[in-house]
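Below is one structure, written out as structure tokens, with a few remarks after it.
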Amino acid sequence: MANAALVGMCGNFLRHIDRQEGVQLAQLFDMGGRLPLREIGRCENLEELAKKYAGESHEVLSLYLLSLQAHVRSEAVRHLELVCTCLKSWVQRYVEAEGSGLWMMPLMLQFTAVARKAANQLDQAKKSERAERQHQENNAYLKQLVALYRKFFNTLNKERSKRAGHVWICCELLRAYFKLQQVSACSFTLTTVTQSMQKDGFSPTDLPKAICVTFYFFWGKYLVFDHNLQGADEKLTWAFNNCPELGMF
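Numbers 1 to 249, taken from the numbering used here, label the letters of the sequence shown in order.
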């Protein structure tokens, strides 16, 4: 017999998808929320449940539930791999969606945050092993994320209507480059985004605050390293003055 909590989650997922309720969808998947983690950890037929109760988008739910199960079972590498596969599936759906697909952005932000945290935890866990394994690469899992996000970035750069997703993946790349101390890599990424926006007469401030504030923050941070203090002050001041008080969107 199917677990009522999991069936209910599948039903809520389907309803939010049908109604294009992006914020509610992200809240449903919030690992700090009311996810039935114990039931997810014990269930052996998550894929079948998602396929039966979650409609055409069941693949995304199935992958995320499996990633949560791996997390509950302390299978950290599998958790990250499944989150990345889930994110890849969601980005593909976003690219294929009609119009701006803006309602899909809160869940994209959610997935990237989960992937970032998982990669960071894995890289932190490896630090204690480096004394014994000097050849081991630093931040290997974060670098895997960067490789994935570069593919997303190139794909979304061709999709003029998907500006929000393009800028957000740019933010994730900038965040990673700073952590990896690869500040020089920021220049190409920022130039690609800003030239694309200028070509179309698009302003970043037209994006949801959570995306634009993050973009302006990392843009301003890069300009500090680039010794453009006036530009940095403008971008950082705008970011701090416009931080959303509540929520991601």
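Where a beta carbon is used, it is the ideal one built from N, C-alpha and C, also for glycine. The structure presented is a predicted model; accordingly, all values stated were derived computationally and were not measured.
Three-way DSSP call (helix, strand, coil) for residue i in this model
i             : result
histidine 227 : coil
aspartate 30  : coil
lysine 143    : helix
glutamine 124 : helix
alanine 119   : helix
histidine 166 : helix
proline 244   : coil
valine 183    : coil
Beta-carbon contacts of residue i that lie in its chain and below 6 Å, excluding the five residues immediately before and after
i           : result
glycine 165 : Tyr94, Leu156
leucine 174 : Cys186, Phe218
glycine 286 : This structure gives no information on residue 286, because the portion of the chain shown stretches from 1 to 249.
leucine 122 : Ala76, Tyr141
Among the options, nearest to residue i - alpha-carbon criterion
i              : options                       : result
glutamate 44   : Val224, Leu65, Glu59          : Leu65
tyrosine 216   : Val83, Lys143, Leu190         : Leu190
lysine 179     : Arg150, Asp30, Val146, Glu21  : Val146
isoleucine 169 : Gln121, Phe152, Gln69, Tyr177 : Phe152
cysteine 10    : Leu207, Ala140, Ser62         : Ser62
glutamine 27   : Lys158, Met104, Ala76, Glu75  : Met104
Cβ distance (whole Å) where residue i is taken to contact residue j below 8 Å
i             : j           : result
alanine 210   : leucine 109 : 7 Å
valine 60     : serine 89   : 5 Å
alanine 54    : leucine 14  : 5 Å
histidine 107 : valine 167  : Going by the sequence as given, residue 107 is leucine instead of histidine. Wrong, their Cβ atoms sit about 16 Å apart, outside the cutoff.
Residues near residue i in its chain [Cβ-Cβ closer than 7 Å; skip 5 each side]
i            : result
histidine 58 : Ala50, Lys51
Close-in-space but distant-in-sequence residues of the same chain around residue i (CB under 8 Å, 5 per side omitted)
i            : result
valine 7     : Leu49, Tyr53
methionine 1 : Per-residue confidence for methionine 1 stands at a pLDDT of 46, beneath the threshold of 50, marking its modelled position as unreliable; the derived number appears in the next sentence. Excluding sequence neighbours, methionine 1 sits near nothing in its chain.
Check: residue i C-beta below 6 Å from any heavy atom of the ligand SAM
i            : result
glutamate 59 : Questions concerning the ligand SAM fall outside what the structure shown contains, since it holds no ligand whatsoever.
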